[in-house]
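Novice:
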Amino acid sequence: MKSVGLEHYLIVCALLFCLGLLGVIIQRNLIVMYMGLELMLNAANLALVACSHFLNKLDGQILVFFVITVAAAEVAVGLALIVAICRRKQSTDVADLNSLKL
Amino acid sequence: MAPLALIALFLPLASAVAIALFTRRNASVSAGISIGASLGAFLISALIFNQLRGATAPETLNPNWLSIGDFKVDFGVTLDALSQLMLLVVTGVGSAIHIYSWGYMRADRSVSRYFAGLSLFMFSMLGIVLARNFVQMFIFWELVGVSSYLLIGHWYERASAADAAKKAFITNRIGDFGFLLGILMVWAALGTINFSSIADIMKANPLALGALGTGTGLLIFCGCVGKSAQFPLHVWLPDAMEGPTPVSALIHAATMVAAGVYMLCRVFILFTPEALSVIAWIGGGTAILAALMAVQQNDIKRILAYSTLSQLGYMVMAVGLGGPATAMFHLTTHAFFKALLFLGAGSVIYALHHEQDIWKMGGLKSKMSVTFWTFLIATLALCGVPPFSGFFSKDEILALALGHNMPLFVIASIVAVLTTFYMFRLVIVAFINPAKSDPASHAHESPSVMTLPLVFLAVLTIAGGFIGIDKLYEVALGKTELGNHTVAMAAGLGAFAIGLIAAWTLYANATADSLTTRLGAMAHWMRDRFYFDECYEWLNRWTQELLATVADWFDRWIIAGAGVKGLSLAAELGGGLLRLMQTGNVQTYALLIALATALLFWRYIL
Amino acid sequence: MDGQLQQYLPVLILAVVAIAFAVGNLVASYLIGQWINRRRLKSIPAAKNIPYECGMLPIGAGNNRLSVKFYLVAMLFILFDIEVVFLYPWAVVYREMLAENAGLIFGSMFSFIAILFVGYIYAIKTQAFDWKV
Amino acid sequence: MNLQLITLEVVVTLIGATILLGSLWLPADKRRHLPLVAAAALVVLLIAHCFAMGVDTTTTLHGFGGGIVQDGFAICLKRLFLASAAFVLAMSAPFVERLRAGPGEFCALILFALVGMLFAASANDFVMLFVSVELITVTFYVLTSFQRHETRSLEAGAKYLILGGVATGLMVFGISLIFAGSGTMSLREISKLDPLPNLMLFNAGLLLVVAGLGFKIAIVPFQLWAPDVYQGSPTPVTAFLAVGSKIAGFALLMRLLRHTSRPETGFLLDALAALAAFSMIYGSLCAIWQRQLKRLMAYIGISSAGYLLIGVIAMAKGFDGTKAILFYLAAYLFAAMATFTVIGLISKEGEDERSEILNGLHKRSPGLALTLTLSIVSLAGIPPLAGFFGKFLLLQLLLEMAVNNAAYYWLLGIALACIVASLAFFFGIIRAVYWPSDVALSRATAPAAPIPTSLPLKISLAICVTGIILLGLQPDVFLDLIQETVRAFRWQ
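Protein sequence lines, in the order shown, are assigned to chains R, V, Y and U. Under numbering that gives the first Met the number 0, the first residue of the first sequence carries the number 0, and numbering increases by one thereafter. Under numbering that gives the first Met the number 0, the first residue of the second sequence carries the number 0, and numbering increases by one thereafter. Under numbering that gives the first Met the number 0, the first residue of the third sequence carries the number 0, and numbering increases by one thereafter. Under numbering that gives the first Met the number 0, the first residue of the fourth sequence carries the number 0, and numbering increases by one thereafter.
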C-alpha cells in the first residue's frame with residue numbers, strides 16, 4: 000500500500016473535527032460538550048503538525064504551542080464557569096440554560 | 000443678504016433650544032420667546048424682500064460644508080424671488096398663527112413643549128425654503144417631518160393622536176425613500192446636487208439625465224407625494240387633524256404640505272414631459288377624490304382637511320401642466336385663506352368647548368361675528384369669487400388646464416363645483432342655521448388675541464390678488480401661456496353658482512344631513528323648490544354619495560390598508576418570524592452555525 | 000508493507016497483548032465467580048460477597064466526592080504547567096541566540112515569567128492555594 | 000525587533016497588572032475608584048499617543064518577523080479601542096459598586112481584553128491573529144459571566160463560551176488548512192504568493208477563518224449568540240462586546256481579505272455580499288419587535304455589521320473604503336457607548352432592561368433623555384447626525400462598485416429599505432422616553448425620581464453627544480483627520 004501522505008492526515012483531522020462538532024451539537028451535558036470543543040481544537044493541532052512536518056516548516060508547530068496554551072486557559076475558565084452554573088442550577092444540562100431567548 | 004437670511008433661519012432654532020433647555024417651566028415666557036423669534040424672522044424676511052425686490056441675491060455664503068471624495072455639499076442659502084416670497088408667506092402666516100396659538104393653547108398643560116415644537120417647525124420649514132442643494136433640503140425635509148410628528152402627537156394621551164402622528168411619519172418616510180433614491184440618481188447622473196448648477200446643466204442639455212430622466216423625476220416627485228399628501232399617500236393628512244388646530248392651520252394647511260409643491264417648482268427643470276403628465280394626472284385625481292370625500296364629512300376640521308387635499312391637488316396639477324408660477328401663486332393665496340379657515344374653525348371649536356361636529360353647531364353668525372365674517376371671506380376666496388385672492392389663482396389654474404389638457408379642465412371645474420358645495424354646506428350649517436346644541440347657543444366670540452390674527456389674514460386674503468404676487472412668480476419661474484381667460488372665468492363662476500345653489504337648497508335650516516334624513520323636516524318647503532330639490536337630491540344620492548362612499552372605501556381599504564399598513568405589516572411579520580430563530584438553546588445555535596458553514600462550503604468550495 | 004508502518008509493528012503487538020491480558024483477566028474472574036456461586040448451596044455467608052472476607056467491614060460509599068478546592072488547585076497547576084511549553088522552543092534557540100542577541104533572549108523569557116509571576120502572586124493573595132477557606 | 004511597535008500594548012498590560020495587584024492591597028472602600036483611575040490612565044495614554052509619542056502615521060513599519068505591522072489604519076483603530084475602553088471603564092464605575100466580585104479583577108480583565116484588541120489592530124500573520132482573538136475571547140468568557148449571583152449572567156457566559164469555542168475551532172482549523180494550502184503563516188507572503196500551491200485547501204481554510212471572524216462581528220448566520228449574550232452580560236461588558244470586540248473582528252477581517260483577495264478567492268466577496276444583505280435585513284427586522292434594550296442593541300449591531308461589510312468588500316475590491324469604515328466605526332462607537340451608558344444608569348440591579356424602564360425618562364432627567372434620543376437617532380441613520388453620514392459614505396461606495404457590477408444595485412436597495420425599516424425601533428424608544436402611553440406608565444416600575452449621574456459619566460456622555468453631533472454636522476473635519484492619518488497608507 001502507498002505511504003501515508005498529508006491528505007490522509009487532513010482527512011483524519013476533518014473527521015475528528017466533525018466528531019467534535021457533532022459532540023457539541025448532540026451531547027446534553029455541558030462538560031461533554033466541552034470535550035467536543037477540545038476535540039475540535041486538537042484536530043486542528045494534528046493538522047498543523049502534519050502540515051509543518053510535510054512542508055518542512057516550523058510555523059505550524061509554533062501555532063500549535065499557542066493553541067495548546069489557549070485551550071488550557073479556555074478549559075480553566077470554562078470549567079470554573081460550569082462549576083458555578085452547576086452550583087446555581089444543580090444541573091449541567093445545557094437545556095436548562097434557556098432563560099434568555101427571543 | 001445671506002447672513003440676514005441665516006439669522007432668520009436660526010432665530011426659531013435658538014428659541015426652540017432656549018425653550019427646551021431653560022423655560023420649560025414657564026409657559027408664558029416660552030410663548031413670548033417663540034412668538035418673538037417668529038416675528039423677528041418675519042421682519043428680516045420683509046427687510047430682505049424690501050432690499051431685493053425679487054432680484055436673485057449673489058450666493059455669497061457657501062463654505063465647503065461636507066465633501067466626500069468628489070461629492071461636495073455646501074451649506075448656503077438661495078435668495079431668489081421664489082424663496083423670498085416663500086419666506087414672507089411662511090413667516091407671515093406663521094407669526095399670525097403663533098400669536099393665535101397663545102390664545103388657543105392657553106389652557107393646555109404643556110404650552111412650552113408646544114411652542115418649542117412650533118419653533119422647531121419654523122426652523123425646518125425656513126431651511127427647506129432657503130436650501131440651495133438637495134442634501135440640505137432633504138435634511139430639513141426630515142426635520143419638518145419630525146417636528147410635524149411631535150406637534151400632531153402633542154396630545155399624546157389620546158391614542159388616536161399618537162397613532163396619527165406615527166402614521167403621518169411612516170407615510171412620509173415611504174415618500175422620502177423614493178425622494179432619497181431620486182436625489183442619489185440625480186447626483187449619479189449630473190454629478191452635482193446644487194439647484195443652481197443642476198439648472199445650468201439642464202439648460203445646456205435638456206437630456207442630461209439620459210434614459211432614466213422620467214424615472215428620476217418621478218422618484219423626486221415621490222417626496223412631494225408624501226409631503227404634500229397626494230394620492231396615493233394622502234391618507235395621513237385627515238388623521239393629522241388630531242393635532243391642535245393652530246398646528247393644522249400652520250403645518251397641514253398653509254406651509255408644510257405646500258413644501259412638496261415648492262420643491263417641485265424649485266427643480267421644475269428636471270422633469271421630462273412624461274413625468275409632468277403623470278404629475279398632472281395625479282394632482283387632478285387627488286383634487287377630485289378629496290373633494291368628493293369632503294362632501295360626506297361632518298367634522299369641521301376634516302372638511303377643511305379634505306379641501307386642503309383637493310387644493311394641493313390643484314397646485315400639483317398646475318405644476319404638471321407646466322405652470323409652476325401658477326402653482327406657487329395658488330400656494331400663496333391658499334396659504335392665506337386656508338390658514339384663515341382653520342383659525343376660524345379653531346375659534347369656533349374653542350368657543351364650543353372642543354365640539355367639532357358641524358351638526359351640533361349653528362347660529363354662530365350673530366354670536367361670533369368676527370369669526371363668521373372672516374370665515375366667510377376665506378370661504379369665498381376658496382370658492383374663487385372675485386375680488387378675493389383665491390379667484391385670481393384658481394382662475395389661472397383653470398385657464399392653464401383649459402390651455403393644455405381638456406379632460407383635466409373638466410375635472411378641475413367639477414372640483415370647483417364640489418368645493419363651493421361643501422364649503423357652503425359647512426358655512427350654512429355651522430354659522431347661519433339656528434343653534435342645534437347647548438354649547439352652540441351659549442357660544443361667544445373668542446378673545447382678541449385670537450381674532451386679531453383672523454383679521455390680519457382676512458386682509459391678506461382680500462389683498463392677495465392685487466399686490467402683484469403672480470407677476471413676481473412669473474419673473475422667478477417664467478410665464479406659461481394660458482388658455483382663454485373668459486371661458487375659464489365663466490367656468491369658475493358657473494361652478495360657484497351651481498355649488499352655492501345646491502348647498503343652499505339642501506342645507507338652509509337643515510337640522511341633519513338632508514342627504515340621509517331628507518324627508519319629514521324638509522317636506523313642507525320641498526313643494527316650492529321641488530324641481531331643484533329632486534334634481535339635486537337625485538344628483539347627490541346617486542352620484543355624490545355613491546362616488547364619495549366608493550372613494551372613501553377605496554381610500555380606507557385599498558390605499559391605507561394595502562399600501563401603508565401592508566408594508567409595515569410585512570416588515571413586522573418578517574421580524575416576528577426571524578425572531579423565532581432565537582430559541583435560546585445553545586445547541587440549536589451551534590447546529591445552525593454548522594449547517595450555515597456547510598452550506599457555504601457546498602455553495603462556494605465544492 | 001513499507002518501512003514507515005513497519006516500525007510501528009511492535010507497538011501494535013504490545014497493545015494487542017496488553018488489551019487481551021486485561022480483558023482476559025476480567026472475563027476469567029467473572030466466569031469463575033459465577034461458577035463458584037452456582038456450585039455453592041444456599042448457605043452462602045454474606046461475607047463471601049464483600050470485597051474482603053475478613054477484617055473491618057467497609058464504611059461509606061467507595062467513591063467519596065472531593066472538595067472543589069481540589070479542582071481549583073488542579074486547574075491552577077495545569078495553567079502554570081502548560082506555560083512551560085514555551086520554555087522548550089526558547090531553550091532550543093537559547094544557545095545561538097545568546098551569542099548574537101542576548102538582550103532579546105533574556106528579555107522575552109523574563110517578561111514572560113514576570114507575567115506568570117503576577118498571576119502567581121494573585122493566586123496566593125486570593126488564597127487560592129490553601130485548603131482551609 | 001523594534002519594541003516601539005508594541006508600546007501601547009506593553010503600557011496597557013502594565014496598567015492592568017498594576018491594577019490587578021494593587022487592588023489586592025487596597026482597602027475595600029477605595030477599590031471602587033479603580034475604574035475611574037484606569038479610565039483616566041487610558042485617556043492620558045490616548046492623548047499622549049495622539050500628540051506626544053511622535054507616532055508617525057504615514058509610514059508602515061513591520062516587526063516581530065512580520066507578525067506586527069504599524070500603519071495609519073492600525074493607529075486609527077488603536078485610538079478607537081483606547082477611547083472605547085475608556086468609555087467602558089467610566090460607565091462601569093457605578094456598576095462595580097454593587098459588584099460582589101472584585102472591581103480590580105473587572106478593570107484588569109477589561110484592560111487585558113483591550114490589549115488583545117490593540118494587538119488585533121496590527122496583527123499581520125495568523126499566529127498574531129489567533130492569539131489576539133483568543134486573548135479577547137477568553138477574557139470575555141469571564142467578563143460576560145462576571146455577576147456570578149445572577150443566573151442570566153452565568154447563562155450568557157456559558158452560551159458565549161460554547162459558541163465562542165466552536166468559532167475558535169473553526170478558525171484554527173481554517174488556519175491549518177490555509178497553512179496546508181499556502182505553506183506560510185504570514186499574510187504578506189500569502190499576498191505575494193502566486194500561484195497558490197493548493198487553491199482548494201486555501202479557499203476552504205479562508206472560508207472557515209472568515210466564519211470564525213464572522214462570529215466575532217456577529218453577521219448572519221453567525222449572529223445567533225449576540226442577543227442572548229448581550230442581554231445577559233453586565234451592561235459595561237455588553238458595551239465593550241458590542242463596540243470593542245466587533246471593531247477588532249472587523250480590523251482582522253479587513254487585513255485578512257485585503258491580503259488574500261485575488262481573482263481565485265473572489266467567491267468570498269460574493270458570499271460576504273450575500274451575508275451583508277442578510278445581516279441588514281435580519282437586524283433591522285428583528286429590531287422591530289424587540290422591547291429588551293440590550294437585545295435591541297444586539298440587533299442594531301447585527302445590521303451595522305451588515306452595513307460595514309459593504310465597506311470591507313469595497314476595500315477588498317481595491318476601492319478606498321478605509322475612510323468610510325473608520326467614520327462609521329467612530330459614529331457607531333459614540334452612539335452605542337452613549338446608549339449603553341444611559342441604559343446602565345437607568346436599570347436597577349438584577350432588573351431586565353425592558354423598554355418600560357425608559358417610561359417618562361424626559362420627566363426624570365431630561366439630559367439623559369436627550370442623550371438617548373440623539374444616539375438612537377444616530378443609530379437609526381436619520382440625518383443630520385453621525386450615523387446618517389456613516390451609512391451615506393458606505394452607500395456611496397456601493398454606488399461606485401455598482402458601476403462595474405449591477406448586482407450591487409440590489410444590495411443598495413436592500414440597504415435603503417433596511418434604513419427605512421430601522422425607524423420602527425426608533426419610534427418604540429422615542430415614544431417610551433417622551434410620551435409613554437398610560438398602559439406603559441401603569442406597568443412602569445421606575446419612580447419619577449431624577450437619576451443621579453456622577454461627574455465622570457456626565458463628561459463621557461457629553462463627549463459622546465459632541466461626537467455624534469460634530470461627526471454629523473461637520474463630517475469633513477473628521478474625514479480630513481482620517482485622510483491625514485491614512486494618507487500615505489498602503490496595505491502591505
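Cβ atoms here follow ideal geometry from the backbone N, Cα and C, with glycine treated the same way.
Taking Cβ positions, are residue 487 of chain V and residue 398 of chain V nearer each other than 8 Å?
Specialist: It is a contact, given that the beta carbons lie within the stated cut-off.
Novice: Please identify the residue among V:449, V:12, V:187, V:390 whose C-alpha is closest to the C-alpha of residue 146 of chain V.
Specialist: Nearest C-alpha to residue 146 of chain V: V:12.
Novice: Taking the straight line between their C-alpha atoms, what separation do you get for residue 226 of chain V and residue 249 of chain U?
Specialist: Computed Cα separation, rounded: 40 Å.
Novice: Give the residues from the segment 67-87 of chain Y that approach chain R closer than 9 Å (Cβ to any Cβ), ordered along the chain.
Specialist: Flagged, chain order: 67, 70, 71, 74, 75, 77, 78, 80, 81, 82, 84, 85, 87.
Novice: Closer than 8 Å between beta carbons: that is the criterion. Which residues of the segment 575-595 of chain V meet it against chain R?
Specialist: Here the close residues are 578, 579, 581, 582, 583, 584, 585, 586, 589, 590, 593.
Novice: Check whether the Cβ of residue 515 of chain V lies closer than 8 Å to any Cβ atom in chain R.
Specialist: In this prediction, residue 515 of chain V scores a pLDDT of 48, lower than 50, which makes its location untrustworthy; the coordinate-derived value is nonetheless stated afterwards. Output row for residue 515 of chain V: interface = no.
Novice: Would the beta-carbon of residue 364 of chain U fall within 8 Å of that of residue 338 of chain U?
Specialist: For residue 364 of chain U and residue 338 of chain U, no; Cβs fall outside 8 Å.
Novice: Can you pull the chain V neighbours of residue 358 of chain U, defined as C-beta to C-beta under 8 Å?
Specialist: Correct list: empty, because the minimum Cβ distance to chain V is about 13 Å.
Novice: Please go through the same chain and pick out, in chain order, the residues whose beta-carbon is closer than 8 Å to the beta-carbon of residue 10 of chain U, but skip the five residues on each side of it.
Specialist: For residue 10 of chain U, where only same-chain residues beyond five positions count, the Cβ hits under 8 Å are 44.
Novice: Round the Cβ separation of residue 171 of chain R and residue 93 of chain R to the nearest angstrom and send it over; I've been treating them as touching at under 8 Å.
Specialist: The requested residue 171 of chain R does not occur in the structure, where chain R is confined to residues 0 to 101.
Novice: Could you tell me which chain C residues have their CB closer than 8 Å to the CB of residue 414 of chain U, listed as they occur along the chain?
Specialist: Among the chains of the structure shown, chain C does not appear; the protein chains present are R, V, Y and U.
Novice: Near residue 121 of chain V, which residues of its chain fall below 6 Å by C-beta distance, leaving aside the five closest residues on each side in sequence?
Specialist: So the qualifying residues of the chain are 11, 37, 93.
Novice: Give every residue of the same chain whose Cβ lies closer than 6 Å to the Cβ of residue 472 of chain V, excluding the five residues on either side of it in the sequence, and list them in chain order.
Specialist: Once the five neighbours on either side are set aside, the close Cβ partners of residue 472 of chain V are 324, 327, 328.
Novice: Please classify residue 163 of chain U: does DSSP put it in a helix, a strand, or coil?
Specialist: Three-state DSSP puts residue 163 of chain U in a helix.
Novice: Please return the same chain residues whose Cβ sits closer than 6 Å to the Cβ of residue 412 of chain V, not counting the five positions on each side in sequence.
Specialist: If we look at residue 412 of chain V and ignore the five residues flanking it on each side, its Cβ neighbours are 490, 494.
Novice: Based on DSSP bridge pairs, tell me the residues matched to residue 37 of chain Y.
Specialist: According to DSSP, which records beta bridges pairwise, residue 37 of chain Y is partnered with nothing at all.
Novice: At what residues does the alpha helix (DSSP H) containing residue 69 of chain U begin and finish?
Specialist: Counting along the chain, residue 69 of chain U falls outside any alpha helix (DSSP H), though it belongs to the beta strand (DSSP E) covering 67-69.
Novice: When the distance is taken between beta carbons, is residue 118 of chain V closer than 8 Å to residue 27 of chain V?
Specialist: Contact flag unset, no.
Novice: Listed in chain order, which residues of the segment 130-145 of chain U have Cβ atoms closer than 7 Å to some Cβ of chain R?
Specialist: Answer set for the segment 130-145 of chain U: 130, 133, 137, 140, 141, 144.
Novice: With 8 Å as the limit, tell me which residues of the segment 181-212 of chain U have their beta carbon closer than that to any beta carbon of chain V; keep them in chain order.
Specialist: Hits within the stretch, in order: 199, 202, 203, 206, 207, 210.
Novice: Of all the CB atoms in chain U, is at least one closer than 8 Å to the CB of residue 98 of chain R?
Specialist: Yes, residue 98 of chain R lies at the interface with chain U (some Cβ there is under 8 Å from its Cβ).
Novice: Just the Cα atoms here: how many angstroms apart are residue 15 of chain U and residue 104 of chain Y?
Specialist: Cα-Cα distance, rounded: 25 Å.
Novice: Tell me which residue opens and which closes the beta strand (DSSP E) that residue 60 of chain U is part of.
Specialist: First-last of the beta strand (DSSP E) with residue 60 of chain U: 60-62.
Novice: Hey, is residue 227 of chain U's beta-carbon within less than 8 Å of any beta-carbon in chain V?
Specialist: Answer yes: the Cβ-Cβ gap between residue 227 of chain U and chain V drops below 8 Å somewhere.
Novice: Would you mind reading off the limits of the alpha helix (DSSP H) that contains residue 8 of chain R?
Specialist: First-last of the alpha helix (DSSP H) with residue 8 of chain R: 5-25.
Novice: With C-beta atoms as the reference, is residue 592 of chain V less than 8 Å away from residue 165 of chain U?
Specialist: In this structure, residue 165 of chain U lies closer than 8 Å to residue 592 of chain V by Cβ.
Novice: Would you identify the three-state DSSP class for residue 76 of chain V, choosing helix, strand or coil?
Specialist: Three-state result, residue 76 of chain V: strand.
Novice: When the cut-off is 8 Å and only beta carbons count, does residue 7 of chain U lie next to chain Y?
Specialist: Not an interface residue.
Novice: Residue 418 of chain V: which of V:8, V:483, V:581, V:380 sits nearest, CA to CA?
Specialist: Ranking V:8, V:483, V:581, V:380 by Cα distance to residue 418 of chain V puts V:380 first.
Novice: For residue 586 of chain V, does the count of other Cβ atoms within 10 angstroms reach 16, so buried, or fall short, so exposed?
Specialist: The residue is buried, with at least 16 neighbouring Cβ atoms inside 10 Å.
Novice: How many angstroms separate the CA atom of residue 457 of chain V from the CA atom of residue 333 of chain V?
Specialist: Using only the alpha carbons, I get a separation of about 12 Å.
Novice: So, with DSSP's three-state summary, where would you put residue 578 of chain V?
Specialist: If DSSP states are grouped into helix, strand and coil, residue 578 of chain V belongs with the helices.
Novice: Tell me which residues share the same chain as residue 127 of chain U and place their Cβ nearer than 7 Å to its Cβ, disregarding the 5 neighbours each side in the sequence.
Specialist: Once the five neighbours on either side are set aside, the close Cβ partners of residue 127 of chain U are 66, 67, 118.
Novice: If you draw a straight line from the alpha carbon of residue 479 of chain U to that of residue 271 of chain U, how long is it in whole angstroms?
Specialist: Using only the alpha carbons, I get a separation of about 29 Å.
Novice: If contact means a Cβ-Cβ distance below 9 Å, which residues of the segment 3-19 of chain Y contact chain R?
Specialist: Listed by position, the residues of the segment 3-19 of chain Y near chain R (Cβ gap below 9 Å) are 3, 4.
Novice: Answer yes or no: does any C-beta atom of chain R fall closer than 8 Å to that of residue 158 of chain U?
Specialist: It does: the Cβ of residue 158 of chain U has a partner Cβ on chain R nearer than 8 Å.
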